[in-house]
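J.: Encoded as structure tokens, here's the structure I'll be asking about.
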Ligand SMILES: [Zn+2]
């Protein structure tokens with residue numbers, strides 16, 4: 161069996177699911193530690209009581225279920241977000257695998273990881289660190305060059321230009337919306353972190369994906385993220401009319417759904433417009 165034959169085999173899908181769950185576990189660590197400026201590698205996993213967690217109790221999804229959502233050392237409740245992120249990442253990677261060749265999976269899987277970490281940090285702290293956004297934009301340009309060469313057989317130059325155009329257009333469209341929103345609402349409605357995140361998304365997706373992420377992401381987010389956000393925050397009694405919402409997760413949702421579900425339709429739509437405009 162060649163590598164490409166194995167790639168299409170269901171066993172590979174199972175391995176991808178397990179990889180996704182493990183990475184989801186790692187992303188959780190990143191979301192908790194990056195804002196506190198703690199290394200994401202050392203020390204290893206630790207319970208809140210300070211005990212280190214042995215490897216056999218650190219199996220994604222399985223451990224959480226076997227332990228009934230409680231820590232074995234001290235019995236405290238484990239965060240629900242922990243298993244949620246593991247399952248979410250595993251499912252997203254499985255969907256991505258179905259749509260991708262190995263090169264696309266490598267580049268877009270990295271992109272999904274960045275988006276998950278950026279969204280998690282944005283949800284928790286209302287800011288997005290530069291190493292996700294600016295670092296992500298650099299990875300996006302490199303990834304597009306790689307894909308253009310290995311997956312699509314185009315010139316390297318072609319992928320790089322598409323990527324840089326997407327980065328500039330995506331971030332500038334959102335910047336103009338931010339400036340306009342600030343004039344209307346008389347306060348900052350969209351932060352500069354979101355503008356930088358949009359640059360990263362454009363670098364990975366090009367112009368069409370960037371435009372869809374802003375407008376499609378906002379629409380999808382209203383339907384899906386807003387009720388979720390309300391459910392999670394209802395008990396804390398902190399919902400007011402002037403409560404700010406993190407915008408990063410909306411953009412991430414738009415970017416992921418573009419790659420997973422809407423790419424064909426959206427690209428067709430934009431090429432029809434190009435024809436109309438002559
Ligand atoms: Zn403990």
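Numbering (my numbering), first residue to last: 161 to 438.
Cβ coordinates follow ideal geometry from the N, Cα and C atoms, glycine included.
Can you find a heavy atom of ligand 1 that lies under 8 Å from the Cβ of residue 234?
T.: yes
J.: According to DSSP, is residue 199 part of a helix, a strand, or is it coil?
T.: In the structure shown, residue 199 sits in coil (DSSP, three-state: anything other than H, G, I, E or B).
J.: Might you give, ordered along the chain, the residues of its own chain that have their beta carbon closer than 8 Å to the beta carbon of residue 428, omitting 5 neighbours on each side?
T.: none
J.: Quick one: is residue 426 buried, meaning 16 or more other Cβ sit within 10 Å of its Cβ, or exposed?
T.: It is buried - the Cβ of residue 426 has at least 16 other Cβ atoms within 10 Å.
J.: Which ranges would you report for the alpha helix (DSSP H) in the region 225-270 if only whole runs of at least 4 residues count?
T.: 240-259
J.: Considering only C-alpha positions, which residue in the set 242, 173, 317 is nearest to residue 280?
T.: 242
J.: Would you say residue 428 reaches chain D, if we count a Cβ-Cβ gap shorter than 9 Å as a contact?
T.: No chain D is part of this structure, which consists of one protein chain only.
J.: Apply the 10 Å Cβ neighbour rule to residue 402 and answer buried if 16 or more other Cβ atoms are within range, or exposed otherwise.
T.: Residue placement at residue 402 cannot be trusted, given a pLDDT of 48 that sits under 50; what the coordinates show is reported in the next sentence. Burial is judged here by how many other beta carbons sit within 10 angstroms of a residue's own beta carbon; residue 402 has fewer than 16 and is exposed.
J.: Within 8 Å, do at least three Cβ pairs link the region 327-335 to the region 258-274?
T.: No: the two stretches stay apart, fewer than three of their Cβ pairs being nearer than 8 Å.
J.: Looking at the structure shown, is residue 212 part of a helix, part of a strand, or coil, going by DSSP?
T.: strand
J.: Identify whether residue 325 lies in helix, strand or coil by the three-state DSSP scheme.
T.: helix
J.: Considering only heavy atoms of ligand 1, does any lie closer than 8 Å to the CB of residue 208?
T.: Indeed, a heavy atom of ligand 1 lies less than 8 Å from the Cβ.
J.: Is residue 312 helix, strand or coil when you go by DSSP?
T.: coil
J.: For residue 446, count the other beta carbons within 10 Å of its own beta carbon; 16 or more makes it buried, fewer makes it exposed. Which is it?
T.: In the structure displayed, the chain extends from 161 to 438; residue 446 sits before or after that span and is not available.
J.: Within 10 angstroms of its Cβ, does residue 383 collect 16 or more other Cβ (buried), or is it exposed?
T.: exposed
J.: How about residue 209 and residue 190: are their beta carbons less than 9 Å apart?
T.: no
J.: Can you tell me the Cα-Cα spacing of residue 345 and residue 337, whole angstroms?
T.: 12 Å
J.: For residue 379, count neighbouring C-beta atoms within 10 Å of its own C-beta (all shown protein chains included) and say buried if the count is 16 or more, exposed if not.
T.: exposed
J.: Between which two residues does the alpha helix (DSSP H) containing residue 414 stretch?
T.: 408-417
J.: Touching or not, the region 180-200 and the region 246-260, by the rule of three or more beta carbon pairs under 8 Å?
T.: These segments touch.
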